[in-house]
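With this note's numbering applied, the sequence shown covers 63 to 205.
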Amino acid sequence: MPKKRSKFVCRDCGYESPQYYGKCPSCSTWNSLEEQLEEDASAQLKRLRMGNTILGEITEEINGSSGQPRASFKLSEIAEQSTTRIGSGFGELDRVLGGGIVRGSLILIGGEPGIGKSTLLLQTANQLSNNCRVLYVSAEESG
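Laid out in structure tokens, this is it:
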């Protein structure tokens, strides 16, 4: 397995250096260089191929199987549809979601750490699981 090399990148201006400096030579900010491991070329190529595959799938979804772009419509040409919403059991959450959760929808929740996002969503998932199937996916950004 090849050894990964380190590089130091300034979090303020993006300056890169193979060695650490206490003061960034580019923007003169102190203690702003952070160590990052450089990715080897094969990992970069693999990530690029995966990105191209996903881009191709998205393009096919937009254009359809014919390869031609799908027609666009004026808003006035689109018939209004009523959407059934499922109550979460939490009135304020239902209000924020426009009256409840739409079946098959994806909801992205964000906020400061410790404000109760996971607690609210786990309680909501538990409440909904009495009557429907629930998929709860959680991911956290770290850095």
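By construction, the Cβ of each residue, glycine as well, lies at the ideal position given by its N, Cα and C atoms.
Here Ile163 is buried: its Cβ has 16 or more other Cβ atoms, across all protein chains shown, within 10 Å. The alpha carbon of Ser191 has as its nearest neighbour, out of Leu137, Gly84, Ile148, the alpha carbon of Ile148. Your pair Ser88 and Tyr77 checks out as a contact, with CB atoms roughly 4 Å apart and the cut at 8 Å. Look at Val199 here: in three-state DSSP terms it is coil, with no helix or strand label. Secondary structure at Arg147: strand, using DSSP grouped into helix, strand and coil.
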